[in-house]
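Participant: Numbering (numbering that gives the first Met the number 0), first residue to last: 0 to 325. Don't be surprised by glycine CBs; every beta carbon is placed ideally from N, CA and C.
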Amino acid sequence: MSKGTFLELVAALRPTLQRKTTTFRSPISVERRVAVAIWWLASGTSYQVTSDLFGLGKSTVASAVVEFCLAVELHLLSRTVLFGDSITQIMDGFRRMGFPHCVGAVDGTHIAICAPGGHPEQYGNRKNFSSILLQGTVDHRGRFVDAEVGWSGKNHDAFVFAHSALCSAMDSGALIPDNHDMVLDGIRIPPVILADGAYPMRRWLMKPYGRTATTTAQRNFDRQLARCRNVVERSFGRLKSRWRCLSHRLQIREQNVISVVTACVVLHNLCESKGHPIVGGGECPSPVLLSQQEEQDYNGNTGYLAEGKMVRDALARHILGRMDSL
């Protein structure tokens, strides 16, 4: 993070983080509080190590981190993680990558946590560690346009998706209110989001044909989808590489986990939008993504599957036709 971005954060959060001077002592400056929090999030070290580095008490460091993350979530989340007015730009970006009429790619990743209350079965996932899930949707540049945090790691990704605010908003049309539909072969195509085979089909959620792909158009569709959907996996990798607290078990209280993860997502977008490189130039090993499993219709609505297949077939023919014309 550059000095300029750091100072922008300080200015944006100062009204919330500023503490009054008392008779007994002067408060820690906002600049120092933000620096402590940024260091802890980025380094992945313990409160004790950060305490020693900054010459502050361990409890002071813990308070600074939590209060910073809460302030970021409160004041910057709605301004930073959103589609905004860039729907057309996002669709143009994915079209140049090879997939038309796409507004995002969705996936999930596990964030390792300490089992709350000593009950690992409540949050135990299939990888045999306790976690919560981060479901993220990114644009063509790898910036998050939606993020939902907090479901137990034991839940199936399709279940989490079907019960997410993203799914409800896309089903109702509230997330992208203007009419951005196009018509292919007489079929109305809404703006679509790309997912892997573990997700349930929707008319706006495209997943690969997988083992059912038998035609050239279907196999080509799967290649293009995989190529474009990879942007979300790269985003998770960059997120955990830049904010290394997420690449280790979060040693924080259960009630603070969501705010810490959310703050990292917001800060990811800020750094990506300003072109800040990841310190060290490297990225973490591949993030622990949600496992791909056979499709399950958690909403019990087979109409979603039929509508999704019609849209997918129309897009597959369209994509192949575009490639043949090049």
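(1) Alpha carbon to alpha carbon, how far is Glu293 from Met205?
(2) Would you call the CB atoms of Val180 and Ile188 closer than 8 Å?
(3) Use the C-beta contact count for His139: other C-beta atoms within 10 angstroms, 16 or more gives buried, fewer gives exposed.
(4) Could you give the DSSP three-state label for Tyr297: helix, strand or coil?
(5) Round the Cβ separation of Gln223 and Phe98 to the nearest angstrom and send it over; I've been treating them as touching at under 8 Å.
(6) To which residues does DSSP link Leu133 through a beta bridge?
(7) Measuring straight from C-alpha to C-alpha, what distance separates Cys113 and Arg226?
(8) Have a look at Ala262, Cys270, Ile277 and Met309 and flag the residue whose alpha-carbon is nearest the alpha-carbon of Leu76.
(9) Starting from Arg187, follow the alpha helix (DSSP H) in both directions and report where the run begins and ends.
(10) With a threshold of 16 other CB atoms inside 10 Å of the CB of Ala305, please say whether the residue is buried or exposed.
(11) Is the beta carbon of Val64 closer than 8 Å to that of Asn268?
(12) Would you report the Cα separation of Arg316 and Met309, rounded to the nearest angstrom?
(13) Can you give me the C-alpha to C-alpha distance between Gln295 and Cys270, rounded to a whole angstrom?
(14) Quick one: what does DSSP say Ile338 is sitting in, helix, strand or coil?
(15) I believe Ala111 touches His275 by the beta-carbon criterion, under 8 Å. Please report the beta-carbon distance rounded to the nearest angstrom.
(16) Which residues in the same chain as Ile89 place their Cβ atom closer than 8 Å to its Cβ, once the five residues preceding and following it in sequence are excluded?
(17) If we count Cβ pairs, one from each stretch, closer than 8 Å, do we get three or more for the stretch 160-173 versus the stretch 192-212?
(18) Apart from the five residues on each side of it in sequence, which residues of its chain come closer than 7 Å, Cβ to Cβ, to Gly326?
(19) Within the continuous alpha helix (DSSP H) that includes Met169, where are the two ends?
(20) On the three-state DSSP scale, how would you describe Phe128?
(21) Quick test of your reading: Thr49 and Val60, contact by CB under 8 Å. State the CB separation rounded to the nearest angstrom.
(22) Considering only their Cβ atoms, is the gap separating Leu183 from Ala326 smaller than 8 Å?
(23) Taking the Cβ atom as the reference point for each residue, do Gly135 and Asp106 lie within a distance shorter than 8 Å?
(24) Which two residues bound the contiguous alpha helix (DSSP H) that contains Ile192?
(25) Please name the residue in Arg125, Leu319 and Lys126 whose C-alpha comes closest to that of Thr214.
(26) How about Val264 and Ala168: do their beta carbons lie closer than 8 Å?
(27) State the DSSP-derived secondary structure class of Gly326, mapped to helix, strand or coil.
Facilitator: Here's the rundown:
(1) The residue labelled residue 293 in the question sits at position 294 within the sequence shown. The residue labelled residue 205 in the question sits at position 206 within the sequence shown. Low per-residue confidence applies at Glu293: pLDDT is 41, beneath 50, and the placement is therefore not dependable enough to give any value.
(2) Counting from 1 along the sequence shown, the entry for residue 180 is found at position 181. Counting from 1 along the sequence shown, the entry for residue 188 is found at position 189. The question names Val, yet the displayed sequence has Asp at residue 180. It is a contact, given that the beta carbons lie within the stated cut-off.
(3) The sequence position of residue 139 within the sequence shown is 140, counting from 1. Answer is buried; the Cβ neighbour count reaches 16.
(4) What you label residue 297 is simply residue 298 of the sequence shown in a count that begins at 1. For Tyr297, the pLDDT reaches just 43, beneath the cut-off of 50, and the residue's location in the model is therefore unreliable, although a value from the coordinates is still provided. It is coil, neither helix nor strand.
(5) The count along the sequence shown starts at 1 and reaches residue 223 at position 224. The count along the sequence shown starts at 1 and reaches residue 98 at position 99. So it is a contact: roughly 5 Å between Cβ atoms.
(6) As a position in the sequence shown, residue 133 is number 134, starting the count at 1. In DSSP, Leu133 forms a bridge with Thr108 and Val148.
(7) In the sequence shown, residue 113 corresponds to position 114, counting from 1. In the sequence shown, residue 226 corresponds to position 227, counting from 1. Near 35 Å, if we compare the C-alpha coordinates of Arg226 and Cys113.
(8) On the sequence shown, residue 76 is found 77 positions in, with the first residue counted as 1. With distances taken between Cα atoms, Leu76 lies closest to Ala262.
(9) Position 188 of the sequence shown, counted from the first residue, corresponds to residue 187. Run containing Arg187: none in the alpha helix (DSSP H); it sits in the beta strand (DSSP E), Ile186 to Ile188.
(10) Residue mapping note: residue 305 aligns to position 306 of the sequence shown, counting from 1. Counting every other CB atom within 10 Å of its CB across the protein chains shown gives Ala305 a total below 16, marking it as exposed.
(11) In the sequence shown, counting from the first residue as 1, residue 268 sits at position 269. In the sequence shown, counting from the first residue as 1, residue 64 sits at position 65. Between Asn268 and Val64, the gap from beta carbon to beta carbon reaches 8 Å or more.
(12) For the purposes of this step, residue 316 is identified with residue 317 of the sequence shown, where counting begins at 1. For the purposes of this step, residue 309 is identified with residue 310 of the sequence shown, where counting begins at 1. Arg316 and Met309: Cα-Cα distance of roughly 11 Å.
(13) Here the question's residue 295 lines up with position 296 in the sequence shown. Here the question's residue 270 lines up with position 271 in the sequence shown. The predicted position of Gln295 is uncertain, since its pLDDT is 44 and thus under 50; no value can be drawn from it.
(14) Residue 338 is absent from the structure shown; the chain starts at 0 and stops at 325.
(15) The residue you call residue 111 lines up with position 112 of the sequence shown. The residue you call residue 275 lines up with position 276 of the sequence shown. The Cβ separation is near 25 Å, so there is no contact.
(16) By one-based count along the sequence shown, residue 89 stands at place 90. Closer than 8 Å at Cβ, skipping near neighbours: Phe82, Cys101, Val102, Gly103, Asp138, His139 and Val144.
(17) The answer is yes - the stretch 192-212 touches the stretch 160-173, with three or more Cβ pairs under 8 Å.
(18) Here the chain has residues from 0 to 325 only, and residue 326 is not among them.
(19) Along the sequence shown, one-based indexing puts residue 169 at 170. Run containing Met169: Ala164 to Ser171, per the alpha helix (DSSP H) assignment.
(20) Residue 128 sits at position 129 when you count from the first residue of the sequence shown. Phe128: coil per DSSP, three-state reduction.
(21) Taking the first residue of the sequence shown as 1, we reach residue 49 at position 50. Taking the first residue of the sequence shown as 1, we reach residue 60 at position 61. About 5 Å; that satisfies the 8 Å criterion.
(22) Because the chain is modelled from 0 through 325, residue 326 falls outside the range shown and cannot be assessed.
(23) For the purposes of this step, residue 135 is identified with residue 136 of the sequence shown, where counting begins at 1. For the purposes of this step, residue 106 is identified with residue 107 of the sequence shown, where counting begins at 1. Yes, Cβ-Cβ distance for Gly135 and Asp106 is below 8 Å.
(24) For the purposes of this step, residue 192 is identified with residue 193 of the sequence shown, where counting begins at 1. Here Ile192 belongs to no alpha helix (DSSP H); instead the beta strand (DSSP E) covers Val191 to Leu193.
(25) Start at 1 with the first residue of the sequence shown, and residue 214 comes out as number 215. For the residues Arg125, Leu319 and Lys126, the minimum Cα distance to Thr214 belongs to Leu319.
(26) As a first step, residue 264 must be located in the sequence shown, where it is residue number 265. As a first step, residue 168 must be located in the sequence shown, where it is residue number 169. Val264 is not a Cβ neighbour of Ala168, given a cutoff of 8 Å.
(27) Residue 326 lies beyond the range of the chain shown here (0 to 325); nothing can be said about it.
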